[in-house]
Structures are given as structure tokens and as C-alpha cells.
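Before any comments, here is the structure.
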Amino acid sequence: MPRTVVRYTSHLDAVDAFARVTDWERHRVPLTTITITPEGFTARTAVGPVGFDDPMHVTRWEPPHRADLQKQGRVVRGSASITVEPSGSGSVVTWDEDVTVIGVPRLLDPVVRRLLRLMVSTVLRRLMS
Numbered sequence: 089m090p091r092t093v094v095r096y097t098s099h100l101d102a103v104d105a106f107a108r109v110t111d112w113e114r115h116r117v118p119l120t121t122i123t124i125t126p127e128g129f130t131a132r133t134a135v136g137p138v139g140f141d142d143p144m145h146v147t148r149w150e151p152p153h154r155a156d157l158q159k160q161g162r163v164v165r166g167s168a169s170i171t172v173e174p175s176g177s178g179s180v181v182t183w184d185e186d187v188t189v190i191g192v193p194r195l196l197d198p199v200v201r202r203l204l205r206l207m208v209s210t211v212l213r214r215l216m217s
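Just so we're aligned: the sequence shown equals residues 89 to 217 in our numbering.
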């Protein structure tokens, strides 16, 4: 199961950083739309009619410091923890995620890990700007 941990130092205080990083609809990833659900949210990645859903359930909610997610899709499974800690006048956001992409051989874990890191880094940079 590929795991990646990304830390982002933000000028935002912990309360504002947590609010932004958990504003699920603002998580902009190419070819993906976000829909809020009673349990959390679903990320739908598609090109036209071909795609997959990545439902995520919020399993822990401790604002403004931590949110845990469980990925329960048919294609992507795993978990993520997002933590926010005060640091000086700003904060440090840490996104720790483990994923399994069903049908992708373990041999490709390094590729999945790099893609996941790129996605998480991009989302954090956009959200914290």
C-alpha cells in the first residue's frame, strides 16, 4: 500500500488552515469533481462517461487540529489523516495518506506514491495560498 506524507508550512493560523484544508469542495484535482455526502464526500474522476467514484468517509473530526478519512471506493481504498499544528504566527499542515489502487500491481507502488505526492502537494499549495 503506497503511503505518502506531505507537510506544508502556511502563513495561516491553525483555525484558518484547518478550515481551508477541510473545505472538501475546494480540493481541485484535474478531471475530478467533489460532491458532499452525509458521511463526508465523493471525488468523481472521469473523462466523459468513463470514470470512477472515490467515496471518503470522515471517521475522526477534531477541529482545528485533525480530520481522518476512510476511502471506501471500488477502485481506490485506504485512509488519510490531515493534521494542523500551530507554528509561530502560522501553522504546519500534514497530510498522511495510504492508498491501494485496485488492479494496479504492487510493482507500480512507487509510481502511485509519486502521483499521490504530486496530487497532495498541489492541493495543499492551492488551498493554503
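Just so you know, even glycine gets a beta-carbon here, dropped at the ideal spot from N, CA and C.
To the nearest angstrom, how far is it from the Cα of residue i to the Cα of residue j?
i      : j      : result
Val117 : Val211 : 7 Å
Gly139 : Thr188 : 17 Å
Arg202 : Trp183 : 14 Å
Glu113 : Arg194 : 31 Å
Gly136 : Phe129 : 21 Å
Ile122 : Thr133 : 9 Å
Ser209 : Pro198 : 16 Å
Asp104 : Met89  : 32 Å
Take residue i as the anchor and find which of the options has the nearest alpha-carbon.
i      : options                   : result
Asp142 : Ala155, Gly176 and Glu127 : Glu127
Ile124 : Gly139, Met144 and Pro198 : Met144
In chain order, what residues of the same chain have a beta carbon less than 8 Å from the beta carbon of residue i, not counting five sequence neighbours either side?
i      : result
Gln153 : Checking the sequence shown, residue 153 turns out to be His, not Gln. Excluding sequence neighbours, His153 sits near Ala102, Phe106, Thr171, Val172 and Glu173.
Lys159 : Asp142, Pro143, Met144, Arg165, Gly166, Ser167, Ala168 and Val187
Thr110 : Pro151, Ala155 and Ile170
Leu157 : Gly128, Met144, His145, Val146, Thr147, Ser167, Ala168, Ser169 and Ile170
Since residue i and residue j should fall inside the 8 Å C-beta cutoff, what is the C-beta to C-beta distance between them, to a whole number of angstroms?
i      : j      : result
Tyr96  : Val181 : 5 Å
Leu204 : Glu185 : 6 Å
Arg108 : Leu196 : Wrong, their Cβ atoms sit about 32 Å apart, outside the cutoff.
By the DSSP assignment, the beta strand (DSSP E) with residue i in it spans what residues?
i      : result
Met144 : Val138 to Glu150
Thr110 : Segment: none, Thr110 is in no beta strand (DSSP E) and carries neither H nor E.
Within a Cβ cutoff of 6 Å, which residues of the same chain sit near residue i, ignoring the five residues on either side of it in sequence?
i     : result
His99 : Gly178
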